[in-house]
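What follows is one structure encoded as structure tokens, with my remarks underneath.
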Amino acid sequence: MKSDILIIGAGGAGLVSALYAHKNGAKVRVITKEYPTRSQTCMAQGGINAVLDESNDSVESHIKNTLKSAHGIADEDAIRLLCSEAPEAIEWLDSIGVCFSRTDDSKIAQRTLGGASAPRACYAQDYTGLKILHTLYDRCLAEGIEILSDKYLLDLVVDDNSVSGATVLDIRSGEVINYEANAVVIATGGYSRVYDKHSTNSTATTGDGIVTALRAGARVSDMEFVQFHPTALKNSSILISESARGAGGHLLNSKGERFVDELLPRDKVARAIFDEMEKGEEIFLDIRHLGEEFIDNELPQERKLAKLYENIDPVYDLIPIKPVAHYTMGGIEVDSTSSTIVDGLYAVGECANHRVHGANRLGGNSLLELIVFGKQAGINSAKYALKNGVKNFKPLDSLTNINHNPEIDFYKIKKELGDIFYINVGIKRDKQTLESTLKKVDTYIESLPKMGVEDVSKIYNTNLIEFLEFKNMLELSKYILIGAIHRDESRGAHFRVDTQNEDSKFKNHTIICKDGVVYED
Ligand SMILES: Cc1cc2nc3c(=O)[nH]c(=O)nc-3n(C[C@H](O)[C@H](O)[C@H](O)COP(=O)(O)OP(=O)(O)OC[C@H]3O[C@@H](n4cnc5c(N)ncnc54)[C@H](O)[C@@H]3O)c2cc1C
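Start counting at 1 in the sequence shown, then tack on 75, and there's your number in this note's numbering.
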């Protein structure tokens, strides 16, 4: 049963790490709570950033744009690595078969996303993440890497601050399994579903790995920075990609007026929309002038999504939109080798904080992060695992204390939490409301023993999985609030109406440990 490396999560970050760890001689096992090909990475539409043609763009500009958008709390060295390795990352993706869209002269096509000074996002129509994820999965299968689906991470096995595996629930059988490994890579994605339906994210994006790593002794940072995407469909929160604005789409209020430069970074555009909405305006994205041929060639998914979920056709109609939670900049604190402070524990992808996004991520930099830091996490965890062969493996039996006669319906609380977060911990926040929200979260946490799982079946008990995810989100919501209360300033995606300017006192990272203590680095 033992592998050198256990990778938890089969999205872009997990699969890239797996390929590089395998290439570096490690025996790799990947587990995921869903099917690998359904991981949220498949939802990415707009593109992945890289400077491919130095005649109209430069790596320095990519670095400069990323630093600017991060609002001073990113690590410049990490950003330099991200941007300078980007061309090689695209070359690698191209070489393993990702079918990027092409220009007439067969070069990889690129488009402009918000906050970028040049067309820099490489794309595959508006199915970029899907093509990348499925190609990575194909490569893993071809390399014979073991990938196990329907396995839910419960806890990490840690002894004396050294990780030696994980305790997992087999969703198919209901059995608890322990997987032994010399190193563990957490690649479980972000935590935007704390906002429940007010999020573009997949329902699986519940921050499980982040809470689990924290419980195991790792630290998390910058949890208060949650990016709101300006253009989600009004009724379903389904994303309409930034590439629609990049191609020339306009944002209009009910009077048909444009009110913001559509290509500003997301924090600014989302706030401008929010201001209009507060005045009672409805907001629309208008791409009609781009024409049917362009929309069908470059944005086919956006048209399908708008028809399916909003019952409108963007070729002829305005698209009603609203900003919702989209990306979480905070995550597991890692160093420049993707390692946490727990020996042998690595983290990568949206669940990790490599300090490249700071207070506001640039569109197209997240997929890039998966490739650049996935490679690094794979190589470094392999080196570690092959050097540190024998560990004390004391597995846990984690699934005790499930209440099968709940008095409180946790689904109701989950929805309530999402609604409260959207309003109180959203695009604009203030200290008093954040503090009262924290009290509310504390009352939910106190009521947890009265919540539970009515379904007692063992096989595919989704009621149980949803409850475990809910518990993780509830815990995480506390850390988001602690960070947001602590950060007495406005910076990037964290906008406090009671302190609206950046304050140099807070030009550092908010770091939180298991006991909830905040300190800065
Ligand atoms: C609609 C949408 C569009 C986007 N468009 C873009 C874009 O154009 N460009 C860009 O750069 N970024 C984009 N992003 C962001 C980007 O897609 C994500 O940040 C990125 O794909 C996250 O990848 P990941 O590998 O870290 O996590 P994910 O792809 O979320 O994968 C997480 C994996 O962990 C597994 N997992 C989670 N919890 C557990 C558990 N308890 N036990 C076992 N397994 C678990 C999941 O099953 C999954 O396999 C977009 C995001 C969304 C939602």
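We treat Cβ as the ideally placed atom computed from N, Cα and C, and that holds for glycine.
In this text, all values refer to a predicted model and were calculated from it rather than measured experimentally.
Got a sec? Which residues, its chain only, sit under 7 Å from residue i by beta carbon, not counting five neighbours each side?
i	result
Ser565	Arg571, Thr574, Gln575, Asn576 and Glu577
Pro194	Gln185, Arg186 and Thr187
Cys174	Ala199 and Lys206
Asn547	Thr281, Gly282, Asp283 and Val286
Lys450	Val91 and Tyr95
Leu289	Val295 and Lys589
Considering only heavy atoms of ligand 1, does any lie closer than 6 Å to the CB of residue i?
i	result
Ile587	no
Ser441	yes
Asn428	no
Asn276	yes
Thr263	yes
Lys108	yes
Glu491	no
Ala88	yes
Ile540	no
Ile252	no
Gly282	no
Ile83	yes
Thr116	yes
Leu383	no
Ala37	No information on residue 37 is available, as it lies outside the stretch 76 to 596 that the chain covers here.
Gln507	no
Leu461	no
Leu228	yes
For residue i, which of helix, strand or coil comes out of DSSP?
i	result
Phe545	helix
Lys309	coil
Arg504	strand
Leu94	helix
Ser274	strand
Thr403	strand
Thr242	strand
Glu425	coil
Phe359	strand
Gln376	helix
Phe581	helix
Ser192	coil
His137	helix
Ser181	coil
Glu160	coil
Arg333	strand
Lys226	strand
Gln115	helix
Lys420	Lys is not the amino acid found at residue 420; the sequence shown has Leu there. Leu420: strand per DSSP, three-state reduction.
Met352	helix
Rounded to the nearest angstrom, what separates residue i and residue j at their Cα positions?
i	j	result
Gly527	Leu549	14 Å
Leu509	Leu327	31 Å
Ile261	Lys102	16 Å
Ala293	Thr415	6 Å
Ser159	Phe485	46 Å
Lys458	Gly591	32 Å
Ile370	Ser318	11 Å
Leu339	Gly190	5 Å
Arg430	Val269	22 Å
Asp350	Lys226	43 Å
Asn257	Thr112	26 Å
Thr23	Glu356	Since the first residue shown for the chain is 76 and the last is 596, residue 23 is missing from the structure and cannot be characterised.
Gly464	Ile560	43 Å
Glu221	Asp472	24 Å
Glu163	Ala427	22 Å
Only counting the same chain, and skipping five residues up and downstream in sequence, which positions put a Cβ closer than 8 Å to that of residue i?
i	result
Ser441	Ala119, Tyr402, Glu425 and His432
Ser133	Val126
Pro481	Lys525, Met526, Gly527, Val528 and Glu529
Leu523	Lys546 and Leu549
Gly147	Gly433, Ala434, Arg566, Glu577 and Lys582
Ile483	Ser522, Lys525 and Met526
Who are the Cβ neighbours of residue i in its own chain at under 6 Å, not counting the five residues just before and after it?
i	result
Gly167	Correcting the residue identity first, residue 167 is Trp in this sequence and not Gly. Correct list: empty, nothing qualifies.
Between the segment 396 to 415 and the segment 299 to 313, are three or more C-beta pairs nearer than 8 Å?
yes
Could you say if the segment 531 to 541 and the segment 243 to 259 meet the contact criterion of at least three C-beta pairs nearer than 8 Å?
yes
For the segment 368 to 385 against the segment 338 to 355, do three or more pairs of beta-carbon atoms, one drawn from each stretch, fall closer than 8 Å, so that the two count as touching?
no
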